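What follows is a set of notes on a single structure, which appears directly below.
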Amino acid sequence: IEQTLFLFINPKPKPQKLPRESFSYLFQSVTEGELKKVIATLVDRKERRIRTETGRRTKRARKGPKPCSLHEIELTVSELGLGYESDETVRFRYCSGKCIHERRNYDIKGRRGRDNGKKDKARYAPCCRPTKFEKKMSFFDNKDKFYTIQNVSARACGCV
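Spelled out as structure tokens, the structure:
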């Protein structure tokens with residue numbers, strides 16, 4: 001009967017199958033106390049790694065989803081993606097976050113339409129969107145031409 005031992009050198013790769021004879025020479029010069037110390041060190045490292053990973057996950061989980069709210073960022077007019085070439089910096093406000101909702105009649109109707117064989121990928125849940133906009137945003141383009149655009153930056157947010 002051939003016996004095999006599994007040797008785990010690194011926890012990432014798959015274990016290697018080694019015949020018992022080739023494995024035993026590794027421990028000929030190692031005492032039982034030294035072997036216990038090595039194993040204890042490896043176990044301790046693994047436990048510390050698991051604790052730190054769990055701690056990070058737990059912190060993120062405790063924060064939970066952020067509710068729908070107004071956020072602000074500074075960027076150039078060109079970065080808005082509206083087709084204007086301008087290096088002028090503007091303050092852009094946008095809405096972001098999670099909308100917790102109760103079922104409404106519209107949601108029920110949407111589900112029935114989907115169940116009747118219509119292939120509709122729309123989600124029947126409220127989205128965090130601007131409810132009010134800044135009236136105007138003015139800027140100069142790179143050729144010193146003056147522009148005023150409307151309803152670009154959010155002023156208030158809500159779940160719609």
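Quick note: the sequence shown uses the UniProt record's numbering, first residue 1, plus one each step. C-beta: ideal position from N, C-alpha, C; glycine also. Quick caveat: nothing in here was measured; it's all calculated off a predicted structure.
Practice item. Return yes when the Cβ of Pro130 is within less than 8 angstroms of the Cβ of Cys159, no when it is not. Key: To locate residue 159, count along the sequence shown from 1; it is residue 159. To locate residue 130, count along the sequence shown from 1; it is residue 130. No.
Review point. Looking at Lys37 and Pro67, is the spacing between their C-beta atoms short of 8 angstroms?
Key: As a position in the sequence shown, residue 67 is number 67, starting the count at 1. As a position in the sequence shown, residue 37 is number 37, starting the count at 1. Result no, Cβ atoms of Pro67 and Lys37 do not sit closer than 8 angstroms.
**Study point:** Burial state of Cys128, where buried means 16 or more other Cβ atoms lie within 10 Å
**Key:** Residue 128 sits at position 128 when you count from the first residue of the sequence shown. Cys128 counts as buried, since no fewer than 16 other beta carbons sit within 10 angstroms of its beta carbon.
Check your understanding: Grouping DSSP H, G and I as helix and E and B as strand, with all else coil, what is Val152?
Key -> Start at 1 with the first residue of the sequence shown, and residue 152 comes out as number 152. Three-state DSSP puts Val152 in coil, outside helix and strand.
Exercise for review: From the DSSP output, in three-state form, read off Leu70 for me.
Suggested key: Taking the first residue of the sequence shown as position 1, residue 70 is located at position 70. DSSP places Leu70 in strand when its eight states are reduced to three.
**Study point:** With 16 other Cβ atoms within 10 Å as the buried cut-off, status of Ser138
**Key:** Residue numbering aside, residue 138 sits at position 138 when the sequence shown is read from its first letter. Residue environment for Ser138: exposed (fewer than 16 other C-beta atoms within 10 angstroms of its C-beta).
Exercise for review: Tell me Lys132's beta-bridge partners as DSSP assigns them.
Suggested key: Position 132 of the sequence shown holds residue 132. Paired residue(s): Ala156.
Check your understanding: In terms of alpha-carbon separation, which member of Thr41, Asp44 and Lys135 lies closest to Arg93?
Key -> Indexing the sequence shown from 1 puts residue 93 at position 93. Ranking Thr41, Asp44 and Lys135 by Cα distance to Arg93 puts Lys135 first.
**Study point:** First through last residue of the beta strand (DSSP E) which encompasses Tyr94
**Key:** Locating residue 94 in the sequence shown gives position 94, counting from the first residue. First-last of the beta strand (DSSP E) with Tyr94: Thr89 to Ser96.
Practice item. Look at the alpha carbon of Lys143 and the alpha carbon of Arg155, and state the distance between them as a whole number of angstroms. Key: Position 143 of the sequence shown, counted from the start, is the residue given in the question as residue 143. Position 155 of the sequence shown, counted from the start, is the residue given in the question as residue 155. Rounded to whole angstroms, Lys143 to Arg155 spans 29 angstroms at the Cα level.
Check your understanding: Looking at Asp44 and Ser86, is the spacing between their C-beta atoms short of 8 angstroms?
Key -> Looking up residue 86 in the sequence shown gives position 86. Looking up residue 44 in the sequence shown gives position 44. Inclusion of Ser86 and Asp44 in the CB contact set at 8 angstroms is not warranted, their separation being larger than that value.
Review point. In or out: Ser96 buried (at least 16 other Cβ within 10 Å) or exposed?
Key: Counted from its first residue, the sequence shown places residue 96 at position 96. Counting other Cβ atoms within 10 Å of its Cβ, Ser96 stays below 16 and is therefore classed as exposed.
Review point. How about Glu74 and Arg91: are their beta carbons less than 8 angstroms apart?
Key: Counted from its first residue, the sequence shown places residue 74 at position 74. Counted from its first residue, the sequence shown places residue 91 at position 91. Yes.
Check your understanding: So is Arg153 buried or exposed if we call it buried at 16+ other beta carbons inside 10 Å?
Key -> As a working note, residue 153 is residue 153 in the sequence shown. The question names Arg, but residue 153 is Ser in the sequence shown. When all chains shown are included, Ser153 counts as buried.
Review point. Ser86 by DSSP, collapsed to three states: which one?
Key: Here the question's residue 86 lines up with position 86 in the sequence shown. Correct three-state label for Ser86: coil.
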